[in-house]
Amino acid sequence: MADDGQTGNMGRAERVGHGAEMHAKSIVADVHVDTLDVLLRTGKTMSEGAPAGHVCKAFLKEGGVDLLVTAMWTDQRFRPEGTMHRVMQMADLFWQTCDGSDFFAVLSRSDLDRLGGGGPIGLMLAIEGGEALCGDLAMLRLYHRLGVRLLTLTWSNRNELADGIWEKSAQGGLTDFGHKVVDFMNQLGMVIDLSHISERGFWDVLECSKVPPICSHSNAKRLCPNPRNLSDEQAVALAEKGGVIGLTLCPPFLAQEGPATLEVFLNHIDHFAGLLGAHHLCIGSDFDGITATPEGLPNISYLPLITEGLLRRGYSDETVAGIIGDNFVRLLRQQLPA
Ligand SMILES: [Zn+2]
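Dropping the structure here:
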């Protein structure tokens, strides 16, 4: 996509206005936030302001967000005994938040029809780090009953399923148990998330999963060579399989040098859009999981600026609607239980 830096004759308010307008008529999804961990640590609720500054009910409404994937990430210092307890505490907070009037749980394809139109915000429960399964498929079955619909197979270190990206020397792929988890997730209708996994693990899952996985919060390694980002080869293979990539606002994954800005974020979108088509892109901000945010994007209420930026760079309304929500919802329609 062209980026001539021109903003035309429109004033700033009008341009932001166009972004906000798009948010009013489209489904807006953020496919990765760590808000449940923040709520657990602070004892606050979604209605009480944003304890870590990034996500709360008011910011979500202001940003026109319709669907939020809330990951249950557990600090590695709780491993192994404390992990499941923390996950259960976060699942409890999730269900307390889903009161039906402000928030509802997205569990099935039919729930997707309730998204948008100014109604309650859909929350999708996710686990970030397969160590929460404690090496037992029964736990996966129970988590599914508890409403978990997405699992990030590993965080950055090793667990029973595979190695994370920080296991530099081993770079192990899927274990036998990891293969079983992928098979069972395919049966249950749970979305497989490959952000954080080792490269070998990534390729193993691409080969054995019957449905397309996603990367919920990763950027382009070509523009920022952080190990957490995806190589062009990985991104193309994921797209060819039908998966989607959630581009993230985490500053170290945006720019190795120089400031992390909205424009840099848009450069990552441009890169992948040119390589594999914007049809395979979405947004996974990692709000509440990151300490610093890009300049000018301090919290989730600012998402319309991304939309406005995409429109300014010449993407069509339909393409932008895909990136800000429809592409992820399309994948959910193919994978969630009826
Ligand atoms: Zn993460």
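Every number in the working numbering is 179 more than the matching position in the sequence shown, counting from 1. Virtual Cβ for every residue (Gly too), placed ideally from N, Cα, C.
With a threshold of 8 Å, establish whether the CB of Trp252 neighbours any heavy atom of ligand 1.
yes
Less than 8 Å between the CB of His211 and some heavy atom of ligand 1, yes or no?
yes
Roughly how many angstroms lie between the CA atoms of Ile376 and Ala434, to the nearest whole one?
21 Å
If distances are taken between C-alpha atoms only, which option among Leu330, Tyr322, Pro391, Leu454 comes closest to Val248?
Leu330
Would you say the beta carbon of Ser374 is closer than 8 Å to some non-hydrogen atom of ligand 1?
yes
Closest Cα partner of Phe451 within the set Ala416, Ile479, Thr470, Cys429
Ala416
Leu286 to Leu515, Cα distance in whole Å?
7 Å
How far does the beta strand (DSSP E) with Phe282 in it extend, from its first residue to its last?
282-284
So is the beta-carbon of Gly468 under 8 Å away from any non-hydrogen atom of ligand 1?
yes
Ile448 - partner residues in DSSP beta bridges:
DSSP output for Ile448 lists no bridge partner at all.
Among the residues of its own chain, which have a CB less than 7 Å from the CB of Ala350, if the five just before and after it don't count?
A small correction: the amino acid at residue 350 is Gln; Ala does not occupy that position in the sequence shown. Closer than 7 Å at the Cβ level, and outside the excluded window around Gln350, lie Asp342, Ser377, Glu378, Arg379.
Does DSSP classify Trp252 as helix, strand or coil?
strand
Express the C-alpha separation of Leu385 and Leu254 in angstroms, rounding to a whole number.
Just to set this straight, residue 254 is Asp in the shown sequence, not Leu. Each residue's Cα considered, the two are about 27 Å apart.
If you reduce the DSSP assignment to three classes, tell me which class Met180 lands in.
No answer about Met180 holds up, because its pLDDT of 34 lies below 50 and its placement is not dependable.
Please report how far the alpha carbon of Ala284 lies from the alpha carbon of Leu409, in whole angstroms.
30 Å
Cβ-heavy atom distance, Asp465 to ligand 3, below 8 Å
No copy of ligand 3 appears in this structure; the ligands present are ligand 1.
Are the beta-carbon atoms of Gly368 and Ser397 separated by less than 9 Å?
no
Any chance the stretch 198-210 sits against the stretch 220-228, with 3 or more Cβ pairs inside 8 Å?
no
So the beta strand (DSSP E) Glu307 belongs to, where does it begin and stop?
300-307
May I ask you to report which of helix, strand or coil DSSP gives Arg220?
helix
Just to check, is the beta-carbon of Thr333 closer than 8 Å to a non-hydrogen atom of ligand 1?
no
So Leu373 and Val361 are in contact, right, with Cβ under 8 Å, and what is the actual spacing, rounded?
So it is not a contact: roughly 10 Å between Cβ atoms.
Using the rule of at least 16 other Cβ atoms within 10 Å of the residue's Cβ for burial, across every protein chain shown, is Ser289 buried or exposed?
exposed
How would you label Pro430, buried or exposed, when you count the other beta carbons within 10 angstroms and need 16 or more for buried?
buried
From which residue to which residue does the beta strand (DSSP E) around Val522 run?
The question about residue 522 has no answer, for the chain in this structure spans 180 to 517.
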